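J.:
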Amino acid sequence: MRFRPCIDIHQGKVKQIVGETLQADASKVVENFVSERGAEDYASLYKEDGLTGGHIIMLGAGNLEAALSALRAYPGGLQIGGGITADNAAEYLREGASHVIVTSYVFRDGRLHRDNLRRIVEEVGKERLVLDLSCKERDGKWYVVTNQWTTFSDLEVNEETVRELESYCDEFLIHAVDVEGKREGVQEKLAAKLAEWTRIPATYAGGARSIADLERFRELTGGKLDITIGSALDIFGGALPYREVVTYCEKSQSR
Numbered sequence: 084m085r086f087r088p089c090i091d092i093h094q095g096k097v098k099q100i101v102g103e104t105l106q107a108d109a110s111k112v113v114e115n116f117v118s119e120r121g122a123e124d125y126a127s128l129y130k131e132d133g134l135t136g137g138h139i140i141m142l143g144a145g146n147l148e149a150a151l152s153a154l155r156a157y158p159g160g161l162q163i164g165g166g167i168t169a170d171n172a173a174e175y176l177r178e179g180a181s182h183v184i185v186t187s188y189v190f191r192d193g194r195l196h197r198d199n200l201r202r203i204v205e206e207v208g209k210e211r212l213v214l215d216l217s218c219k220e221r222d223g224k225w226y227v228v229t230n231q232w233t234t235f236s237d238l239e240v241n242e243e244t245v246r247e248l249e250s251y252c253d254e255f256l257i258h259a260v261d262v263e264g265k266r267e268g269v270q271e272k273l274a275a276k277l278a279e280w281t282r283i284p285a286t287y288a289g290g291a292r293s294i295a296d297l298e299r300f301r302e303l304t305g306g307k308l309d310i311t312i313g314s315a316l317d318i319f320g321g322a323l324p325y326r327e328v329v330t331y332c333e334k335s336q337s338r
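Under our numbering, the first residue of the sequence shown carries the number 84, and numbering increases by one thereafter.
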């Protein structure tokens, strides 16, 4: 199990927000943390600690300059997502992203746009693409949600759909929408199922708040999934020491 660091950028600043509140009306966004440090500072920290496979997410417009500063601070060390399309993806790779992360370009208006998925694979290659699956539970099943997590798609996340999507991408980034940003613990049922279904690298995001949560996550997944933590970390205003997380995950890889 690897720790995958994150840099979420909103209105040009590094922030941690409750994802379900990210709407067109900015006044309704719930911010857990707004950093005084630039995105490049976090990228440099992750580079110094040898952390690879982390991600930058641009939450809306006005974040390009900050995102590029982070890519340039850690070339080849970070993935990037937020507004990625087949038309602009290659540019982010040239700017130093290891992968591009795709969400709304392929999941839009409640359905999977396979033509767009095939197009971006043709543009950047399967080996440089990460698919972001934002999963929300309904009636005991998980579905990809779209439109800033407000619309259920018709795509159920299960073994069959995971197998299909794996043929298009190098990794998954999977948000547990019901717990993301709330520091209430991981979505255990989803984490266990993802470990059962996935055969390519996959990073889980949502709810982790303590070393005990990491231990439980590793137990549930057999160390098969990686994890990212945002709001709970002390570098983002939380109580969980970033350094402890890095050390714990490093040790878990040697077990």
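By construction, the Cβ of each residue, glycine as well, lies at the ideal position given by its N, Cα and C atoms. Bear in mind that the values here come from a model prediction, so they are computed numbers and not experimental data.
Got a sec? Which residues, its chain only, sit under 8 Å from Asp296 by beta carbon, not counting five neighbours each side?
T.: Here residue 296 corresponds to residue number 213 of the sequence shown, with the count starting at 1. These residues qualify, in order along the chain: Gly268, Val269 and Gly290.
J.: Can you round the beta-carbon distance between Phe116 and Lys98 to whole angstroms, since I take them to be within the 8 Å contact cut?
T.: Counting from 1 along the sequence shown, the entry for residue 116 is found at position 33. Counting from 1 along the sequence shown, the entry for residue 98 is found at position 15. Right, the Cβ-Cβ distance comes to about 6 Å (below 8 Å), so this counts as a contact.
J.: Within the continuous alpha helix (DSSP H) that includes Phe300, where are the two ends?
T.: To locate residue 300, count along the sequence shown from 1; it is residue 217. Taken as a continuous stretch (DSSP letters only), the alpha helix (DSSP H) holding Phe300 covers Ile294 to Thr304.
J.: Can you give me the C-alpha to C-alpha distance between Leu161 and Gly179, rounded to a whole angstrom?
T.: For the purposes of this step, residue 161 is taken as the residue at position 78 of the sequence shown. For the purposes of this step, residue 179 is taken as the residue at position 96 of the sequence shown. Taking the straight line from one Cα to the other gives about 8 Å.
J.: Leaving out the 5 sequence neighbours to the left and right, which residues in its chain are closer than 8 Å to Leu154 when beta-carbon positions are compared?
T.: To locate residue 154, count along the sequence shown from 1; it is residue 71. Correct list, in chain order: Ala126, Ile139, Leu161, Ile163, Tyr175, Glu178, Gly179 and Ala180.
J.: The beta strand (DSSP E) with Ile310 in it runs from where to where?
T.: The residue given as residue 310 occupies position 227 in the sequence shown. Its beta strand (DSSP E) spans residues Asp309 to Thr311.
J.: Under a three-way DSSP split, which group does Lys224 fall into?
T.: Locating residue 224 in the sequence shown gives position 141, counting from the first residue. The answer is strand: DSSP assigns Lys224 an E or B state.
J.: Give me the residue from Met141, Arg85, Ala150 and Val227 with the minimum Cα distance to Ile100.
T.: To locate residue 100, count along the sequence shown from 1; it is residue 17. Measuring from the Cα of Ile100, the nearest candidate turns out to be Met141.
J.: In whole angstroms, what is the alpha-carbon distance linking Lys276 and Leu256?
T.: What you label residue 276 is simply residue 193 of the sequence shown in a count that begins at 1. What you label residue 256 is simply residue 173 of the sequence shown in a count that begins at 1. If I take the Cα positions, the gap works out to 15 Å.
J.: Starting from Thr286, trace the beta strand (DSSP E) both ways and give me its first and last residue.
T.: As a working mapping, residue 286 is identified with position 203 in the sequence shown. Taken as a continuous stretch (DSSP letters only), the beta strand (DSSP E) holding Thr286 covers Ala285 to Ala288.
J.: Gln99 by DSSP, collapsed to three states: which one?
T.: One-based indexing of the sequence shown puts residue 99 at position 16. The answer is strand: DSSP assigns Gln99 an E or B state.
J.: Give a yes or no on whether the C-beta atoms belonging to Tyr157 and Val204 are separated by under 9 Å.
T.: Numbered from 1 along the sequence shown, position 74 holds the residue referred to as residue 157. Numbered from 1 along the sequence shown, position 121 holds the residue referred to as residue 204. No, these two residues do not count as a Cβ contact at 9 Å.
J.: Here's the rule I'm using: 16 or more other beta-carbon atoms within 10 Å means buried, otherwise exposed. How should Glu123 be labelled?
T.: For the purposes of this step, residue 123 is identified with residue 40 of the sequence shown, where counting begins at 1. By the 10 Å Cβ count, Glu123 comes out buried.
J.: Report yes if the C-beta distance between Glu212 and His182 is below 9 Å; otherwise report no.
T.: Reading the sequence shown from its first residue, position 129 is the one you call residue 212. Reading the sequence shown from its first residue, position 99 is the one you call residue 182. Note that residue 212 corresponds to Leu in the displayed sequence, not to Glu. Closer than 9 Å, so yes.
J.: Applying the 10 Å Cβ sphere with the 16-neighbour rule, what's the burial state of Thr330?
T.: Reading the sequence shown from its first residue, position 247 is the one you call residue 330. The residue in question, Thr330, is exposed, as its Cβ has fewer than 16 Cβ neighbours within 10 Å.
J.: Go through the region 121-199 residue by residue and report every complete run of the beta strand (DSSP E) that reaches 3 residues or more, in order.
T.: 137-142, 161-164 and 183-185
J.: Fully enclosed by the region 196-281, which alpha helix (DSSP H) runs are 4 residues long or longer?
T.: 197-207, 242-249 and 271-280
J.: Any idea what DSSP makes of Glu119, helix, strand or coil?
T.: As a position in the sequence shown, residue 119 is number 36, starting the count at 1. Glu119 falls in the coil class under three-state DSSP.
J.: From His93 to Ala144, what distance separates their C-alpha atoms?
T.: The residue given as residue 93 occupies position 10 in the sequence shown. The residue given as residue 144 occupies position 61 in the sequence shown. Using only the alpha carbons, I get a separation of about 8 Å.
J.: Can you grab the Cα-Cα spacing for the pair Ala107 / Arg191, in whole Å?
T.: For the purposes of this step, residue 107 is taken as the residue at position 24 of the sequence shown. For the purposes of this step, residue 191 is taken as the residue at position 108 of the sequence shown. Residue confidence for Ala107 is low, a pLDDT of 48 falling below 50, so the modelled location carries little weight; the figure read from the coordinates is stated next. In a straight line, the C-alpha of Ala107 is about 16 Å away from that of Arg191.
J.: The beta strand (DSSP E) with Asp91 in it runs from where to where?
T.: Your numbering for residue 91 matches position 8 in the sequence shown. Per DSSP, Asp91 belongs to the beta strand (DSSP E) from Cys89 to His93.
J.: Tell me whether Thr233 is buried or exposed, calling it buried when 16 or more other Cβ atoms sit within 10 Å of its Cβ.
T.: Here the question's residue 233 lines up with position 150 in the sequence shown. Exposed, by the Cβ-count rule.
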